[in-house]
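Read top to bottom, the protein sequences are chains R and L.
With numbering that gives the first Met the number 0, letter number 474 in the first sequence gets 473, and the count goes up by one each step, no holes.
With numbering that gives the first Met the number 0, letter number 25 in the second sequence gets 24, and the count goes up by one each step, no holes.
Glycine is no exception: its CB is placed at the ideal position from the N, C-alpha and C atoms.
Note that the coordinates shown come from a computational prediction; the quantities given were computed from them, not determined experimentally.
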Amino acid sequence: MRELSAVQVERALAAFAGVVGTANVYSDAIGRAGYRDAMAPVDPATYEPRGAVAPASVEEVQAIVRLAGEHGLPLWPISRGKNFGYGGAAPRILGVVMLDLVRMNRILEVDVEQGYVLLEPGVGFDDLYHHLVDNKIPLWMSAPAHTWGSVVGNALERGVGYTPYGEHASKVCGLEVVTADGSILRTGMGAMPGSKTWQLFPYGFGPAWDGAFMQSNFGIVTKMGLWLMPEPENTVELRMALPNVEDLPAAIDALRPLKLDGTVAANPSFGNVIRGLASRGPRSQYYDGEGPMPPDVLERARKEAGIGHWNFSVRLFGDPRVNAINAERVRSAFAGKVPVEFTESQWNRGNPLRGSGSPTPSLGALGVVDWLGGAGAHLTFSPVSAFSGAEAWKQYTTVRGMFEDAGFDYYGGFTAGQRYLNHITMIILDRNDEGMRERANTLFSNLIRVAAENGWGEYRTHTLWYDEVAQTYGYNDGALRRWNEAVKDAVDPKGIIAPGKMGIWPRVDREGKA
Amino acid sequence: MRIAHAIAAVSLVALPALAVAASDTGTAPAERAGEAQFRERCGGCHLADGFGTRVLERRVPDGQAELERRAGLTSQYITLAVRRGIGSMPAIREAELPDEELTEIAAYLGANK
């Protein structure tokens with residue numbers, strides 16, 4: 000592993016300051032601390048950067064990348080650094096300098112007729128929301144549970160939201176990328192000078208590369224096209240609280256055909272009882288003992304809160320006449336399969352947005368980290384499941400059992416894609432409790448191993464476990480890893496961009512590790 | 000129809016809050032700026048129904064969870080909490096909240112004795 004001396008790093012940072020000004024280079028203890036993993040399950044200083052530089056333009060990014068190459072100093076790009084539960088802003092290793100793109104926060108273009116935006120990486124979901132609402136632009140964004148993060152960063156990490164456009168990576172159309180030699184690449188139709196369809200046709204001519212810059216370290220995305228959903232005339236929400244743990248498989252199997260045929264375009268999320276309780280208050284109001292909450296206590300708490308063991312809503316977006324038909328299809332699909340009926344509500348254009356299904360700015364989801372009190376944090380384990388009640392049940396019971404054996408409450412849910420389920424679980428911990436941290440770390444590695452033994456892979460993971468998860472994608476003696484390394488070595492021979500991201504190490508670090 | 004070329008998202012968001020603050024009277028301009036910054040940059044968590052307020056309700060005396068109502072805050076403490084993070088609150092970096100804005104926020108909250 001490369002280790003530059005303090006003098007070498009100082010020289011590089013001084014060179015960066017020549018590009019962005021000294022005010023936008025950070026290397027003191029306070030400056031570095033801001034890039035620590037806020038939810039670190041280990042000492043966050045063990046993967047803290049050497050400093051940071053925050054450019055405000057693509058030209059500054061180019062200049063910094065060129066200088067980083069000259070100085071042999073690896074950069075770790077972040078958009079806004081709010082990837083909580085997956086490492087936050089923190090890099091994979093010590094010894095890098097953060098390339099903080101938060102100052103590149105322009106909404107470059109909104110095309111209402113064609114339904115897209117062109118964004119810089121520093122634009123947050125809150126920013127985009129206010130821009131659309133304040134300017135009365137009839138387009139809706141999709142957003143994850145909290146809206147502090149970057150629209151670009153979230154899509155590049157393949158984050159999910161809850162509207163029909165909730166599979167964010169699939170709505171990306173056209174990227175501008177600064178490559179490791181400091182030049183600019185535009186993907187898809189953006190490769191054609193004067194193209195009128197960069198944000199409209201996602202594939203271009205020849206290989207399509209948008210996907211290669213997601214969850215990767217092949218380049219630095221400086222602009223991203225994203226399709227937005229036209230504001231619907233009407234939404235219908237059908238909510239259900241399933242009273243029994245065992246109701247989950249039937250509900251998933253009832254939903255599957257509706258997702259496959261497009262009746263339900265959005266991504267319903269089946270959240271478990273702990274997820275429901277943790278959003279309401281701390282665990283101490285129900286239970287003060289060690290270990291997972293006993294079943295009888297949990298059942299009392301569930302009833303007191305008036306929630307199900309699984310809670311979800313199916314939301315329909317569009318023409319009210321079509322929604323009425325589809326709502327009936329949803330009711331029919333679930334009737335007789337589960338012991339309860341839907342509770343329903345509607346929203347119509349012109350009413351206040353809250354409750355419409357359009358995500359509004361909120362950081363409320365972060366509150367669950369206070370479940371155990373102390374210095375609350377979460378570590379997110381996110382295996383993918385087949386869209387099958389039986390398979391989801393097997394995954395749920397396996398993962399829950401492991402959580403509880405390790406002394407944690409199982410916090411999780413299944414978010415429905417078109418043909419898969421994102422099983423997003425959180426190990427909620429108190430970072431001040433060293434024993435709990437150790438249990439959480441051991442549990443996380445065990446979850447990765449047991450999931451792989453069952454054929455379940457993670458769709459995303461925490462920085463510290465990139466290598467472990469990457470190794471589970473080891474078909475044919477690690478063919479995918481070797482392919483990624485071959486690409487990395489070709490496009491970034493000095494290993495400047497995010498070494499180790501998703502387990503992809505440049506040659507210079509692989510040889511250092513050997 | 001194409002609109003909104005090259006608009007800085009953050010400044011757009013800040014405009015309504017500044018407009019509200021500017022309508023206030025009886026407070027110093029710097030303090031009004033700090034109030035507007037606080038509401039804009041910290042309000043998502045630290046106004047009445049925010050996650051930060053809910054977390055603090057479990058840790059501080061009654062009536063003290065909203066930072067705007069908290070007695071005894073000092074600007075130094077605010078600055079440290081913001082830059083280092085505290086409890087389950089992540090650190091806020093200088094690149095996303097410049098020192099000048101943090102100084103205004105800290106002065107505003109620190110003035111609530």
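Euclidean distance between Cα positions of residue i and residue j
i	j	result
residue 36 of chain R	residue 505 of chain R	23 angstroms
residue 496 of chain R	residue 108 of chain L	40 angstroms
residue 128 of chain R	residue 238 of chain R	25 angstroms
residue 453 of chain R	residue 60 of chain L	49 angstroms
residue 75 of chain L	residue 311 of chain R	44 angstroms
residue 435 of chain R	residue 70 of chain L	34 angstroms
residue 416 of chain R	residue 22 of chain R	44 angstroms
residue 2 of chain R	residue 97 of chain R	15 angstroms
residue 398 of chain R	residue 361 of chain R	29 angstroms
residue 11 of chain R	residue 484 of chain R	26 angstroms
residue 49 of chain R	residue 78 of chain L	22 angstroms
residue 177 of chain R	residue 198 of chain R	18 angstroms
residue 368 of chain R	residue 56 of chain L	15 angstroms
residue 437 of chain R	residue 376 of chain R	14 angstroms
residue 30 of chain L	residue 106 of chain L	7 angstroms
residue 85 of chain L	residue 51 of chain L	11 angstroms
residue 20 of chain R	residue 325 of chain R	57 angstroms
residue 24 of chain L	residue 294 of chain R	Low local confidence applies: a pLDDT of 46 at residue 24 of chain L is under 50, so the model's placement there is unreliable, with the coordinate-based value given in what follows. Approximately 56 angstroms between the Cα atoms of the pair.
residue 139 of chain R	residue 273 of chain R	30 angstroms
residue 442 of chain R	residue 405 of chain R	7 angstroms
residue 509 of chain R	residue 470 of chain R	14 angstroms
residue 192 of chain R	residue 481 of chain R	34 angstroms
residue 4 of chain L	residue 82 of chain L	Note that residue 4 of chain L has pLDDT 41, beneath the 50 cutoff, so the model's placement of it is unreliable and the number below is only indicative. Looking at the two C-alpha atoms, the distance is approximately 33 angstroms.
residue 45 of chain L	residue 461 of chain R	28 angstroms
residue 100 of chain R	residue 120 of chain R	6 angstroms
Sequence-distant residues of its chain with Cβ nearer than 6 angstroms to residue i (five each side left out)
i	result
residue 181 of chain R	61, 64 and 65
residue 317 of chain R	231
residue 440 of chain R	40
residue 107 of chain R	117
residue 345 of chain R	235
residue 357 of chain R	139
residue 75 of chain R	90, 95, 97 and 497
Residue i versus the options, residue with shortest Cα-Cα distance
i	options	result
residue 331 of chain R	R/265, R/253 and R/189	R/253
residue 488 of chain R	R/215, R/133 and R/338	R/215
residue 334 of chain R	R/246, R/385, R/389 and R/125	R/246
residue 53 of chain L	R/392, R/450, R/386 and R/363	R/363
residue 279 of chain R	R/263, R/325, R/268 and R/305	R/305
residue 9 of chain R	R/187, R/195 and R/67	R/67
residue 16 of chain R	R/54, R/111 and R/224	R/54
residue 451 of chain R	R/297, R/389, R/474 and R/131	R/474
Sequence-distant residues of its chain with Cβ nearer than 7 angstroms to residue i (five each side left out)
i	result
residue 13 of chain R	none
residue 43 of chain L	49
residue 423 of chain R	379, 381, 411, 412 and 414
residue 445 of chain R	401
residue 226 of chain R	114, 115, 164, 170 and 172
residue 431 of chain R	373 and 374
residue 244 of chain R	308
residue 467 of chain R	444 and 447
residue 98 of chain L	none
residue 203 of chain R	186, 187, 188 and 190
Cβ distance (whole Å) where residue i is taken to contact residue j below 8 angstroms
i	j	result
residue 145 of chain R	residue 154 of chain R	In fact, because the Cβ distance is near 15 angstroms, the residues do not count as touching under 8 angstroms.
residue 174 of chain R	residue 222 of chain R	7 angstroms
residue 161 of chain R	residue 266 of chain R	5 angstroms
residue 34 of chain R	residue 88 of chain R	5 angstroms
residue 79 of chain R	residue 158 of chain R	So it is not a contact: roughly 12 angstroms between Cβ atoms.
residue 236 of chain R	residue 327 of chain R	Incorrect: roughly 15 angstroms between the Cβ atoms, too far for contact.
residue 122 of chain R	residue 151 of chain R	7 angstroms
residue 103 of chain L	residue 32 of chain L	5 angstroms
residue 493 of chain R	residue 5 of chain R	Between residue 5 of chain R and residue 493 of chain R the Cβ distance is about 20 angstroms, and since that is not below 8 angstroms, they are no contact.
Close beta carbons around residue i, own chain, < 8 angstroms, minus the five adjacent residues each side
i	result
residue 383 of chain R	419, 420, 421, 422, 455, 456, 457 and 458
residue 156 of chain R	82, 85, 213, 214 and 459
residue 30 of chain R	50 and 51
residue 337 of chain R	239, 241, 246, 249, 250 and 253
Closer than 8 angstroms: residue i CB and nearest the ligand FAD heavy atom
i	result
residue 43 of chain L	The ligand content of the structure shown is nil, which means the ligand FAD is not present either.
- May I have a chain-ordered list of the alpha helix (DSSP H) segments no shorter than 4 residues that lie completely inside the region 112–160 of chain R? Complete alpha helix (DSSP H) runs here, min 4: 124–133 and 150–155.
- Item | Start-end ranges of the alpha helix (DSSP H) lying completely within the region 439–511 of chain R, minimum 4 residues | Assignment of alpha helix (DSSP H) within the region 439–511 of chain R, counting only whole runs of 4 or more residues, yields 465–471 and 474–490 in chain order.
- Unbroken stretches of the beta strand (DSSP E), 3 residues or longer, contained in the region 249–294 of chain R: Listed in chain order, the complete beta strand (DSSP E) runs (minimum 3 residues) inside the region 249–294 of chain R are 268–271.
- Item | Entirely enclosed beta strand (DSSP E) segments - the region 52–99 of chain R, minimum 3 residues | DSSP runs (the beta strand (DSSP E)) wholly in the region 52–99 of chain R: 74–77 and 96–99.
- Mind listing, in chain order, the continuous alpha helix (DSSP H) runs of no fewer than 4 residues lying wholly within the region 311–346 of chain R? Counting only runs of 4 or more, we get 319–333.
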